[in-house]
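Going letter by letter, the sequence shown gives residues 1 to 338 in UniProt numbering. Here's the structure, in structure tokens; my notes come after.
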Amino acid sequence: MVYKIEVTPQDVAASRFAISPLIETMHAQWLLDGRGPAGVHRQWVDRWRPAYRELTRRHPALRATAVISGNRGDANVDFIAPPPTGVGVPFEAELSAVRETPIEQAHAEIAAVLARRPPAAEEARALLLGADVVRLIADAYEALWTEIVSREWPHFQAILERDVVHRAGRLAAYGWAAALDGLSEQVRWNGAGHIEIAMGTQDEWYRLGGKGLLFLPSAFIGNLGAYLEEAWPSALVYPARGIAAGRRRAGAGLARLIGRTRARVLEELAAPATTTHLAALLGQSLGTTGGHLAALREAGLISGTRTGRSVLYARTPLGDALVTGAIRSGIPDSRQGR
1 MVYKIEVTPQ DVAASRFAIS PLIETMHAQW LLDGRGPAGV HRQWVDRWRP AYRELTRRHP
61 ALRATAVISG NRGDANVDFI APPPTGVGVP FEAELSAVRE TPIEQAHAEI AAVLARRPPA
121 AEEARALLLG ADVVRLIADA YEALWTEIVS REWPHFQAIL ERDVVHRAGR LAAYGWAAAL
181 DGLSEQVRWN GAGHIEIAMG TQDEWYRLGG KGLLFLPSAF IGNLGAYLEE AWPSALVYPA
241 RGIAAGRRRA GAGLARLIGR TRARVLEELA APATTTHLAA LLGQSLGTTG GHLAALREAG
301 LISGTRTGRS VLYARTPLGD ALVTGAIRSG IPDSRQGR
């Protein structure tokens, strides 16, 4: 089945991108408690799962949220994931919005979800329908953010920001087809004024009406999510480009050829990035990262394109050939076996 979203030229100008530390904390939770495949995050999940299990012991609300979030269809509450408003909104501001949820609203949303779900365990049901449910859930996500997700947030934030810079630039310059290219196998621009999303149980039509789409990249999910109901702005939540960049190593030979850090820069540029994003991903200063970028650019391995106030770097065909050829062959280290 297909969702069809009718768009107008006004929707291009009204569309926007956002990053939500709170929603990413929720997505990370789904991996930590096994509700989603770890994929490229397997090492991260294995490293943090013991700490997460201790958190669930101290904060039973983390277990209870499995009943009301991360479910297929519309069996999810809205108050624990308020729509993000921009790229630089801090976690604390988003959590504050959750804490301000009226208890009557929280109970109404929870009751509606419970009515559509299999019977919940009595402990979870009692917590979710209790007078302190908003505070307990907010406290639980604050602990999950503080003790786990925030520890590596600069890395994940850089991945998300570079996706936003790349895709927003393509939307502004080339329109819907370019912005949706590579976003997900489930979504495509049909060329006749609407977006098609392979999702749902029946064909449904939606109209943005000049309000645009909210694009929300995620570092932790592997599948597209669509929010097209009134409770949220019309939004697409999608896997950010380059999540696996830098995790698939080209081998010691490429590092010996151009240097370990420059090889890492080339690998990270499987998805375009700015100097700031690369510095965060590499854990280096802007000056050091800029020096490596200059050397790679002079060698013809990368190119830069100005997008607003930033320069977005990407691999050239020569850089692609060097990295993909190294990965394919393994470029073995001649010292191995000694």
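For every residue, glycine included, the Cβ atom is placed at its ideal position computed from N, Cα and C.
Inset, instruction - Output the distance between the C-alpha atoms of I258 and V265, rounded to the nearest integer angstrom. - result: Indexing the sequence shown from 1 puts residue 258 at position 258. Indexing the sequence shown from 1 puts residue 265 at position 265. If you take the alpha carbons of I258 and V265, they lie about 11 Å apart.
Legend entry - Euclidean distance between Cα positions of L214 and A235: Here residue 214 refers to the residue found at position 214 of the sequence shown. Here residue 235 refers to the residue found at position 235 of the sequence shown. Answer to the nearest angstrom: the Cα atoms are 4 Å apart.
Legend entry - According to DSSP, residues forming a beta bridge with G304: On the sequence shown, residue 304 is found 304 positions in, with the first residue counted as 1. In the DSSP assignment, the residues bridged to G304 are Y313.
Legend entry - Cα-Cα separation, R101 to F79: Walking along the sequence shown from the start, residue 101 turns up at place 101. Walking along the sequence shown from the start, residue 79 turns up at place 79. This sequence places Thr at residue 101; Arg is not what is there. When rounded, the separation of the alpha-carbon atoms in T101 and F79 is 7 Å.
Inset, instruction - Tell me, please, which residues DSSP counts as bridged to residue 410. - result: A query on residue 410 cannot be resolved here, the shown segment of the chain reaching from 1 to 338 and no further.
Legend entry - Cross-strand partners of V187 (DSSP beta bridge): Translated into positions along the sequence shown, residue 187 becomes position 187. V187 pairs with I197.
Inset, instruction - State the Cα-Cα distance for the pair P21 and S218, rounded to the nearest angstrom. - result: Counted from its first residue, the sequence shown places residue 21 at position 21. Counted from its first residue, the sequence shown places residue 218 at position 218. In a straight line, the C-alpha of P21 is about 10 Å away from that of S218.
Legend entry - For W176, the first and last residue of its enclosing alpha helix (DSSP H): Taking the first residue of the sequence shown as position 1, residue 176 is located at position 176. That run of the alpha helix (DSSP H) goes 176 to 180.
Inset, instruction - Measure the Cβ-Cβ separation of G36 and I221 and say whether it is below 8 Å. - result: Translated into positions along the sequence shown, residue 36 becomes position 36. Translated into positions along the sequence shown, residue 221 becomes position 221. Yes, the Cβ-Cβ distance between G36 and I221 is below 8 Å.
Legend entry - Residue environment, L212, which counts as buried when at least 16 other CB atoms sit within 10 Å: For this step, residue 212 is matched to residue 212 along the sequence shown. As written in the sequence, residue 212 is Gly, which differs from the Leu given in the question. With 16 or more Cβ atoms within 10 Å of its Cβ, G212 is classed as buried.
Legend entry - Coarse secondary structure for L254, derived from DSSP in three states: On the sequence shown, position 254 is the one that residue 254 refers to. Three-state result, L254: helix.
Inset, instruction - State buried or exposed for E24, treating a residue as buried only when at least 16 other CB atoms are found within 10 Å of its CB. - result: The sequence position of residue 24 within the sequence shown is 24, counting from 1. Classification of E24: buried, given that the 10 Å Cβ count is 16 or more.
Legend entry - Local conformation of F91 per DSSP, three classes: On the sequence shown, residue 91 is found 91 positions in, with the first residue counted as 1. In the structure shown, F91 sits in a helix (DSSP, three-state: H, G or I).
Legend entry - Distance, L183 Cα to A140 Cα: Here the question's residue 140 lines up with position 140 in the sequence shown. Here the question's residue 183 lines up with position 183 in the sequence shown. Rounded to whole angstroms, the separation of the alpha carbons of L183 and A140 is 31 Å.
Legend entry - DSSP-derived helix/strand/coil call for I5: Your numbering for residue 5 matches position 5 in the sequence shown. I5 falls in the strand class under three-state DSSP.
Legend entry - Distance, G242 Cα to H277 Cα: To locate residue 277, count along the sequence shown from 1; it is residue 277. To locate residue 242, count along the sequence shown from 1; it is residue 242. Rounded to whole angstroms, the separation of the alpha carbons of G242 and H277 is 12 Å.
Legend entry - Assigned secondary structure, P217 (DSSP; H/G/I helix, E/B strand, else coil): If you number the sequence shown from 1, residue 217 lands on position 217. Residue state, collapsed to three classes: strand.
Inset, instruction - Indicate the three-state DSSP secondary structure (helix, strand or coil) for P332 in the structure shown. - result: Working through the sequence shown from its first residue, we reach residue 332 at position 332. Reliability of the predicted coordinates at P332 is poor, the pLDDT of 41 falling under 50, and no value is obtained from them.
Legend entry - Contact check, I197 vs Y52, beta carbons under 8 Å: Residue mapping note: residue 197 aligns to position 197 of the sequence shown, counting from 1. Residue mapping note: residue 52 aligns to position 52 of the sequence shown, counting from 1. Cβ atoms of I197 and Y52: not closer than 8 Å.
Inset, instruction - Inspect the beta-carbon positions of V98 and A138 and report whether they are closer than 8 Å. - result: Your numbering for residue 98 matches position 98 in the sequence shown. Your numbering for residue 138 matches position 138 in the sequence shown. Going by C-beta atoms, V98 is nearer than 8 Å to A138.
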